[in-house]
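Undergrad:
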Amino acid sequence: MRFFRLCVVASLIFIFGCQSNSVSLKEAEQITAEFTGSSFTPPPRTIDDLSKHLSSPEIAPTENLAANCRGVEKDSGRISMFKEYLTRYKPGDYIDTDKDPVGGWNFEYGWELYRGISISEIRRGNLEKAEKAQKQYLDVIPGDRRGAYIPGYSHLALIQLGRGDLSAAKSSIAAASSWDQQLQRRPAHKIPIHDYWLNHARGAMATARGELRAAEQYYRRALANILEYKERAPEVAIIRSKLAEVIAAQGRLLEAENEARLAIKHSIEYDRVGSIINAPVVFRFAKVLMDQGRIKEAEKIAGNAVWAYQVQCSPADSVEFADARRILAETLSLQSRYAESLNIYESIGKSLGKETQKYQSRFGHDLTLAYALINQGKTRQASTQLESTVSYLNNNYGNNHPRSAEAKGFLAIAQWKSNNEALARQSFQESVQVLQDPKNRTGVRPHNLRIIM
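Take 1038 as the starting number for the sequence shown in this note's numbering and just add one per residue.
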């Protein structure tokens, strides 16, 4: 009876306070005004203004390539090509791009090829190889190009954060900061792109630590830096979409939608909306719509992101492609289309390899996958996954962290569906005791909270 009363109270608190999180509307407006000099304006209530600029997918999301690719992945040989060039060019050699084209990359010298390898490995999700190439790049930067150390170390930090190595990322950010301080004494060598990369890395570090207010401010500074440097740069849309994510995680969903829309509009304005580089911008917008409960619109946007990877002949094992598919699978699951959702997860598993570290690090603790398994009667498989997830989150964040409580709530559902009522009761109680407090919901997806309650 006591547990029943606790659930009733928690549900009422959720109903009346699900948008409160840790930042009030007044505080949100103050943060916005500080960086934009303007007050908050609500976004349109539909995506009709954007839909006309987005292509309608023409093949199933479980397929890897569109027909125009003719079965060939674009850029699949780029890493090999750059490595081949490195056998012919020393770091200081000027690249003969007529003889050895670099495929649209702004590279002039041999030392820049390492950065190309690093970025290409990131696209494939091979972060260990990306980190190795980025360190090689840092080792061969010429003495007269010391400004390159700031974006170089900042980018290294982003790779290390992607691997979950916060300690190494902290050291890389410190190195970038040290070079930044040295260049402060030589203003002629200092440009806004340096500040952009450093603030971008600091924002990503704050996000990884759950320090969302700090992350927001770093991302806003990074946005100002890149706009000052080059207004049409693709990084403008990328950083706006990341800013939208951290604003949404604080519960300010309409403001997050504004930022996500500006990111999309930037891509439209400079004709990048269908490109691979901007596909993450599109699927981050889908996440914001999903958090608002606008699932059909989110499905349409996420489907467009998946289509961009397919029609641009993305490598099947690209983790960004997998992330776009994941968001689409989530929209389907929230519409009770669990079999369709699982089919997409199955295609992700085939592309990345279910037993690989690449797949496990990104999907081994996926709550949407677990919930779809539960609703397809695969409760034993879901329970095994969720037990591992709860253990992982408890060890890394603590039992009372919102993410741990969120996973514990899903484990309770699996236990209940498996007729383990006593275990389910205990897991629900431990989850609800954390999540009933609005201050403890930062970063918890609103629809996941509704499912648990």
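Cβ atoms here follow ideal geometry from the backbone N, Cα and C, with glycine treated the same way.
This one's a predicted model, so the numbers in the text were calculated from it and none came from an experiment.
1. To the nearest angstrom, how far is it from the Cα of S1209 to the Cα of G1189?
2. Once the 5 residues before and after F1465 are set aside, which same chain residues still bring their CB inside 6 angstroms of it?
3. Below 8 angstroms CB to CB, which residues in the same chain sit around R1039 once its five sequence neighbours on both sides are set aside?
4. Tell me whether the beta-carbon of L1193 lies closer than 8 angstroms to the beta-carbon of L1164.
5. Keeping to the same chain, check which residues put their C-beta closer than 6 angstroms to that of Q1422; ignore five residues upstream and five downstream.
6. Can you grab the Cα-Cα spacing for the pair A1259 / G1199, in whole Å?
7. Write down the C-beta distance between P1271 and R1309 rounded to the nearest angstrom, noting that I regard them as a contact closer than 8 angstroms.
8. Please return the same chain residues whose Cβ sits closer than 7 angstroms to the Cβ of K1166, not counting the five positions on each side in sequence.
9. Can you tell me which residues form a DSSP beta bridge with Y1146?
10. Identify whether L1091 lies in helix, strand or coil by the three-state DSSP scheme.
11. What is the rounded straight-line gap between the Cα of S1278 and the Cα of D1328?
12. Quick check: what's the CA-CA separation for N1101 versus E1377?
13. Take I1488 as the anchor and find which of S1373, Y1429, L1264, N1431 has the nearest alpha-carbon.
14. List in chain order: all unbroken alpha helix (DSSP H) runs of 4+ residues lying wholly within the stretch 1373–1434.
15. Would a C-beta distance cut-off of 8 angstroms place E1357 and T1405 closer than the cut-off?
16. Apart from the five residues on each side of it in sequence, which residues of its chain come closer than 7 angstroms, Cβ to Cβ, to F1144?
17. Since G1180 contacts L1220 with CB under 8 angstroms, what's their CB separation in whole angstroms?
18. Any idea what DSSP makes of E1282, helix, strand or coil?
TA: Let me lay it out:
1. Spanning the alpha carbons of S1209 and G1189 requires a straight line of approximately 9 angstroms.
2. A1449
3. Because R1039 sits at a pLDDT of 45, beneath the cut-off of 50, its placement in the model cannot be relied upon, and the following sentence gives the value as read from the coordinates. Excluding residues within five positions, none has a Cβ falling inside 8 angstroms.
4. No, the Cβ-Cβ distance between L1193 and L1164 is not below 8 angstroms.
5. If we look at Q1422 and ignore the five residues flanking it on each side, its Cβ neighbours are A1407.
6. Using only the alpha carbons, I get a separation of about 19 angstroms.
7. 6 angstroms
8. Here the set comprises E1158.
9. DSSP, once it has assigned bridges, lists Y1131 as partnering Y1146.
10. coil
11. The straight-line gap from Cα to Cα measures roughly 15 angstroms.
12. It is roughly 16 angstroms from the alpha-carbon of N1101 to the alpha-carbon of E1377.
13. S1373
14. 1375–1389, 1394–1400, 1404–1412, 1416–1434
15. no
16. I1132, L1150, G1153
17. Not confirmed; about 14 angstroms, so no contact.
18. helix
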